[in-house]
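Q:
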Amino acid sequence: MTITTEQVAVTATTLLRFATAGSVDDGKSTLVGRLLHDSKSVLADQLEAVEHASRSRGQEAPDLALLTDGLRAEREQGITIDVAYRYFATPRRRFILADTPGHVQYTRNMVTGASTAELAVVLVDARNGVVEQTRRHAAVAALLRVPHVVLAVNKMDLVDYAEPVFAAIAEEFTTYASELGVPEITAIPISALTGDNVVEPSANMDWYGGPTVLEHLETVPVSHDLTACHARFPVQYVIRPQTAEHPDYRGYAGQIAAGAFRVGEQITVLPSGRTSTITGIDALGESVDIAWAPQSVTLRLADDIDISRGDLIAPSGDAPTTSQDVEATVCHVADQPLTVGQRVLLKHTTRTVKAIVKEIPSRLTLDDLSQHPEPGQLVANDIGRVKVRTAEPLALDAYADSRRTGSFLLIDPADGTTLAAGMAGEAFATAQAVDTADGADDGADDEGWDF
Amino acid sequence: MTTVAHVHEETDSPFALSHLDSLESEAVHIFREVAGEFERPVILFSGGKDSIVMLHLALKAFAPAPVPFTLLHVDTGHNFPEVIEYRDRTVEQHGLRLHVASVQEYIDAGKLRERPDGTRNPLQTVPLTEAIQQHRFDAVFGGGRRDEEKARAKERVFSLRDEFSQWDPRRQRPELWQLYNGRHAPGEHVRVFPLSNWTELDVWQYIQREKIELPQIYFAHEREVFARGGMWLTAGQWGGPKDTETVEKRLIRYRTVGDMSCTGAVDSDATTLDAVIAEIAASRLTERGATRADDKLSEAAMEDRKREGYF
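Heads up: the sequence lines are chains F and L, in that order. Going by our numbering, the first residue of the first sequence is number 1, and it counts up by one from there. Going by our numbering, the first residue of the second sequence is number 1, and it counts up by one from there.
1) Does DSSP put Q59(F) in a helix, in a strand, or in coil?
2) To the nearest angstrom, how far is the alpha carbon of L195(L) from that of V269(F)?
3) Within 8 Å, do at least three Cβ pairs link the stretch 414-428 of chain F to the stretch 326-344 of chain F?
4) Could you tell me which of L369(F), Y399(F) and A398(F) sits nearest to T134(F), measuring between CA atoms?
5) Beta-carbon of I411(F) versus every beta-carbon of chain L: anything under 7 Å?
6) Taking Cβ-Cβ distances shorter than 8 Å, what residues in chain F pair up with V28(L)?
7) Quick one: residues in its chain with C-beta nearer than 6 Å to the C-beta of R86(F), no 5 flanking neighbours on either side, listed in chain order?
8) Give me the Cβ distance between T14(F) and S261(L), rounded to the nearest whole Å; I'm assuming they're in contact under 8 Å.
9) In terms of alpha-carbon separation, which member of T275(F), G259(F) and A260(F) lies closest to Q266(F)?
10) So with Cβ pairs under 7 Å, would you call R146(L) a contact of chain F?
11) Would you kindly work out how many angstroms separate the C-alpha atoms of G78(F) and S23(F), rounded to a whole number?
12) Is there a Cβ of chain F sitting closer than 7 Å to that of L55(L), yes or no?
13) Can you tell me whether L17(L) is helix, strand or coil according to DSSP?
14) Can you check the stretch 197-227 of chain L for any alpha helix (DSSP H) of at least 4 residues that lies completely inside it and give the ranges in chain order?
15) So G36(L) contacts chain F; which residues on that side make the cut at Cβ distance below 7 Å?
16) Should R17(F) and A117(F) be called a contact, given that it needs their Cβ atoms to be closer than 7 Å?
17) Tell me which same chain residues have a C-beta within less than 6 Å of the C-beta of L123(F), skipping the five on either side of it?
18) On the three-state DSSP scale, how would you describe R385(F)?
19) Is it right to say A27(L) is buried, meaning 16 or more other beta carbons lie within 10 angstroms of its own, or is it exposed?
20) Does any CB atom of chain L fall closer than 7 Å to the CB of D45(F)?
21) Excluding the five sequence neighbours on either side, which residues of its own chain have a C-beta within less than 8 Å of the C-beta of A257(F), listed in chain order?
22) Check this for me: beta carbons of E222(L) and V247(L), under 7 Å apart or not?
23) Have a look at the DSSP bridge pairing and note the partners of T268(F).
24) Rounded to whole angstroms, what's the CA-CA distance from P164(F) to T186(F)? Just pull it up for me.
25) Measure the CB-CB distance between S236(F) and G254(F) and report whether it falls below 7 Å.
26) Does S159(L) come out as helix, strand or coil in the three-state DSSP assignment?
27) Counting pairs of beta carbons, one from the stretch 154-164 of chain L and one from the stretch 371-387 of chain F, are three or more of them closer than 8 Å?
28) DSSP on M260(L), reduced to helix/strand/coil?
29) To the nearest angstrom, report how far apart E82(L) and G143(L) are at their CA atoms.
30) Is there at least one Cβ from chain L nearer than 7 Å to V357(F)'s Cβ?
31) Flag Y106(L) as yes if its beta-carbon sits less than 7 Å from any beta-carbon of chain F, otherwise no.
32) Using the C-alpha atoms, what's the distance from V344(F) back to G182(L)?
33) For P64(L) versus P241(F), is the C-beta spacing smaller than 7 Å?
34) Report, in whole angstroms, the separation of the C-beta atoms of Y180(L) and E85(L), which I expect to be a contact under 8 Å.
35) Which of helix, strand or coil does DSSP assign to H246(F)?
What follows is the structure, encoded as structure tokens:
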């Protein structure tokens with residue numbers, strides 16, 4: 001397939017956000033480099049800069065990792081410090097790639113990258129198969145409810161492009177990830193170095209009949225059936241011009257977090273519970289009678305009721321319950337720990353409230369999905385269950401139902417540090433049936449055990 | 001009343017948004033978050049295409065109410081007259097308030113010294129950071145895009161700056177979902193980049209879709225230029241050309257707008273938006289690689305300036 005730039009400009013339509021996961025040795029940089037390069041997203045001056053920098057380091061071939069390592073310290077140390085975002089396009093689609101580093105700080109970085117991803121690419125070295133790191137990546141993708149997961153079995157050139165090698169790895173991974181509740185898994189045998197099945201179909205693996213990585217990225221559906229979603233609208237800002245031209249305009253501005261809203265629909269405002277009817281939807285200058293996630297719109301209502309930033313508008317027949325007690329899985333992203341009894345701020349959609357950490361019932365080990373009860377605190381990169389009591393009621397959905405209204409941040413009120421990323425409700429899609437491989441340790445109790 | 005806005009027919013789902021609609025929706029969300037959470041936000045407005053798109057998005061985000069932000073321009077004193085004219089006309093048209101921080105005034109007052117190479121881009125940092133402190137701005141919108149430069153690829157949408165406006169790339173807050181954390185201590189501020197996820201092509205396609213007016217220097221025109229450092233610089237009172245440099249009239253346009261001393265023009269016959277978009281889509285050079293002298297100073301030039309408080 002050849003990609004002409006004119007096609008990119010004219011026909012690229014939808015946007016896919018995806019994340020890559022894999023340690024450096026798995027060939028992630030090479031895969032990212034190849035996707036960028038073969039989609040013409042590496043331009044002459046960037047390549048020249050990489051070649052120049054590679055030469056000055058005494059390297060013979062251009063080091064494509066220099067394309068993605070943007071910071072001085074990263075180049076000096078040859079490591080990737082933080083998530084970076086890359087952009088490329090093909091005739092069919094535009095892509096935002098969250099390039100997440102694979103070194104020790106993996107969890108918070110991958111959680112960050114996966115939080116907005118609709119697809120995650122998990123890389124495996126064909127020679128090593130499914131290893132601890134692979135299971136960790138699958139678990140994070142499952143926790144974050146990334147809708148599509150691609151297993152890229154890399155370095156097929158080093159195992160003689162042997163189908164049985166690929167088939168065994170694909171089966172082991174698919175079984176494991178399915179048990180975690182990953183809804184869709186696509187396994188692709190590739191060689192990022194030689195380009196097999198990355199952009200071009202491989203001549204070395206005629207036994208493989210599936211899509212290349214790029215083809216899959218181009219065709220995977222980006223939005224699901226919104227009619228099945230609970231409609232949610234967090235109010236961001238109240239627009240009241242109070243001008244001669246618009247003396248009575250009162251609109252509630254926000255981005256639809258999930259589902260769709262229609263003119264004429266009866267709605268309930270939370271946490272107050274007041275009801276009204278949608279009389280108008282202004283979609284950035286256009287008056288429409290239906291709007292859906294993730295459109296930024298302004299809703300107008302029939303009644304002048306008290307609504308402000310932080311309130312949630314939902315259809316009256318499908319409003320979430322409110323509660324001051326939040327049970328969730330959190331990934332701890334800060335260097336300072338999170339402890340029982342700690343006073344924090346909880347940011348949920350557009351609402352920030354005071355909260356207190358009542359309990360940390362367990363900490364999860366991603367490697368084997370075992371849980372450690374009552375760890376007392378969570379430190380950087382830990383994932384654990386928490387119970388939080390909030391000062392005001394929140395209209396929180398389960399993260400399983402809505403990534404947008406089921407997620408929250410815990411923030412240190414003293415210095416504003418983002419402490420933890422929270423996902424309300426059950427951790428994984430299936431509450432049991434997860435084989436902990438080595439047998440459950442710590443006497444994990446299956447009753448209500450959802451790690 | 002239309003039922004459905006900008007649905008693309010090629011996708012399976014009737015609820016899929018086009019990539020421009022997705023980016024627009026995200027940027028509007030960012031503007032409204034800042035309006036809801038900060039006391040004194042300001043938009044950096046240079047009259048360049050990215051800041052023009054930012055202002056357009058802000059106008060849409062709060063319509064039919066006015067934009068609840070003021071504008072700030074860091075004027076290097078070496079700006080293109082067409083751009084200054086555009087800037088002032090736009091401010092007037094929308095009834096906005098513009099603050100100007102002047103590099104020339106800092107030089108005249110002896111607080112900044114002209115650089116030997118004549119470029120004033122790095123000199124913008126001090127007037128910018130002092131203006132932020134003086135006006136106590138707590139959120140500063142910039143038009144920076146992550147596709148521009150590899151240090152910018154690491155930038156957050158909400159980027160905390162300390163009381164010296166410094167960026168510490170190793171101490172950035174992880175940014176998850178669309179939950180932006182704008183908490184800051186007094187004296188600190190947050191730089192906000194609503195166009196983070198846009199590419200140069202997205203910006204141009206959006207300008208075309210929304211029929212946004214731009215300064216004419218973005219389109220091909222004849223201009224007296226001279227070659228320096230592999231780029232066409234415009235001749236003018238700012239200090240070019242030198243004795244050894246010869247001026248010639250060429251058909252050129254600008255891909256970026258900045259200080260005249262370091263913003264290069266590209267040879268182009270693109271006089272329409274369609275032609276500009278075709279030209280960018282076919283270009284083998286990045287926007288900054290083609291037109292910015294100051295980024296070529298070292299491998300980490302942008303990172304170093306950003307650390308000091310540059311936008």
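All residues carry an ideal CB built from backbone N, CA and C; glycine is no exception.
A: Looking at the coordinates:
1) Taking the first residue of the first sequence as 1, we reach residue 59(F) at position 59. Q59(F) falls in the coil class under three-state DSSP.
2) As a working note, residue 195(L) is residue 195 in the second sequence. As a working note, residue 269(F) is residue 269 in the first sequence. C-alpha separation (whole angstroms): 31 Å.
3) A contact exists between the stretch 326-344 of chain F and the stretch 414-428 of chain F.
4) Taking the first sequence and counting its residues from 1, one reaches residue 134(F) at position 134. The shortest C-alpha separation from T134(F) is found at L369(F).
5) Here residue 411(F) is taken as the residue at index 411 of the first sequence, counted from 1. Closer than 7 Å to the CB of I411(F) there is at least one CB belonging to chain L.
6) The count along the second sequence starts at 1 and reaches residue 28(L) at position 28. Chain F residues near V28(L): Q255, L284 and S296.
7) Counting from 1 along the first sequence, the entry for residue 86(F) is found at position 86. Same-chain partners within the cutoff: L97 and D99.
8) Start at 1 with the first residue of the first sequence, and residue 14(F) comes out as number 14. Start at 1 with the first residue of the second sequence, and residue 261(L) comes out as number 261. Their Cβ separation, rounded to whole angstroms, is 41 Å, which puts T14(F) and S261(L) out of contact at 8 Å.
9) To locate residue 266(F), count along the first sequence from 1; it is residue 266. Selection T275(F), G259(F) and A260(F) evaluated against Q266(F) yields T275(F) as nearest (Cα-Cα).
10) Position 146 of the second sequence, counting from 1, holds the residue named residue 146(L). For R146(L), the nearest CB of chain F lies under 7 Å from its own CB, placing it at the interface with that chain.
11) Translated into positions along the first sequence, residue 78(F) becomes position 78. Translated into positions along the first sequence, residue 23(F) becomes position 23. Caution is warranted here: a pLDDT of 48 is assigned to G78(F), below 50, making its placement in the model unreliable, and no coordinate value can be reported.
12) Taking the first residue of the second sequence as 1, we reach residue 55(L) at position 55. With a threshold of 7 Å between beta carbons, L55(L) makes no contact with chain F.
13) Here residue 17(L) corresponds to residue number 17 of the second sequence, with the count starting at 1. Residue state for L17(L) is assigned as strand, using DSSP reduced to three classes.
14) Fully enclosed alpha helix (DSSP H) runs of 4 or longer: 200-210.
15) In the second sequence, the residue the question calls residue 36(L) occupies position 36. Simply Q236, Y237, R309 and T350.
16) The residue labelled residue 17(F) in the question sits at position 17 within the first sequence. The residue labelled residue 117(F) in the question sits at position 117 within the first sequence. The beta carbons of R17(F) and A117(F) sit closer together than 7 Å.
17) What you label residue 123(F) is simply residue 123 of the first sequence in a count that begins at 1. Excluding sequence neighbours, L123(F) sits near G22, D26, K28, A152 and N154.
18) Indexing the first sequence from 1 puts residue 385(F) at position 385. When DSSP states are grouped into helix, strand and coil, R385(F) belongs to the strand group.
19) By one-based count along the second sequence, residue 27(L) stands at place 27. With 16 or more other Cβ atoms inside 10 Å of its own Cβ, A27(L) counts as buried.
20) Position 45 of the first sequence, counting from 1, holds the residue named residue 45(F). For D45(F), the nearest CB of chain L lies under 7 Å from its own CB, placing it at the interface with that chain.
21) For the purposes of this step, residue 257(F) is identified with residue 257 of the first sequence, where counting begins at 1. Counting only residues of its own chain and dropping the five nearest sequence neighbours on each side, A257(F) has a CB closer than 8 Å to the CB of R232, F233, P234, A293, P294, T349, S402, R404 and T405.
22) In the second sequence, residue 222(L) corresponds to position 222, counting from 1. In the second sequence, residue 247(L) corresponds to position 247, counting from 1. Cβ atoms of E222(L) and V247(L): not closer than 7 Å.
23) Locating residue 268(F) in the first sequence gives position 268, counting from the first residue. Beta-bridge pairing links T268(F) to T275(F) and A314(F).
24) On the first sequence, position 164 is the one that residue 164(F) refers to. On the first sequence, position 186 is the one that residue 186(F) refers to. Approximately 17 Å between the Cα atoms of the pair.
25) One-based indexing of the first sequence puts residue 236(F) at position 236. One-based indexing of the first sequence puts residue 254(F) at position 254. Residue identity differs from the one stated: residue 236(F) is Gln in this sequence, not Ser. Cβ distance < 7 Å, so Q236(F) and G254(F) count as in contact.
26) Sequence index remark: in the second sequence, residue 159(L) carries index 159 (1-based). The answer is strand: DSSP assigns S159(L) an E or B state.
27) Between the stretch 154-164 of chain L and the stretch 371-387 of chain F there are fewer than three C-beta pairs closer than 8 Å, too few to call the two in contact.
28) Translated into positions along the second sequence, residue 260(L) becomes position 260. In this structure, M260(L) counts as coil in the three-state DSSP scheme.
29) The count along the second sequence starts at 1 and reaches residue 82(L) at position 82. The count along the second sequence starts at 1 and reaches residue 143(L) at position 143. Here the alpha carbon of E82(L) sits roughly 20 Å from the alpha carbon of G143(L).
30) Taking the first sequence and counting its residues from 1, the one referred to as residue 357(F) is at position 357. No, V357(F) lies away from the interface with chain L (no Cβ there is under 7 Å from its Cβ).
31) Taking the first residue of the second sequence as position 1, residue 106(L) is located at position 106. No, its Cβ sits nowhere closer than 7 Å to a Cβ of chain F.
32) Here residue 182(L) refers to the residue found at position 182 when the second sequence is read from its first residue. Here residue 344(F) refers to the residue found at position 344 when the first sequence is read from its first residue. Cα-Cα distance, rounded: 15 Å.
33) Locating residue 64(L) in the second sequence gives position 64, counting from the first residue. Locating residue 241(F) in the first sequence gives position 241, counting from the first residue. Yes, these two residues count as a Cβ contact at 7 Å.
34) By 1-based counting over the second sequence, the position of residue 180(L) is 180. By 1-based counting over the second sequence, the position of residue 85(L) is 85. The pair is not a contact, with the Cβ atoms about 35 Å apart (cut-off 8 Å).
35) As a first step, residue 246(F) is located in the first sequence; it is residue number 246 there, counting from the start. Coil at H246(F), not helix or strand.
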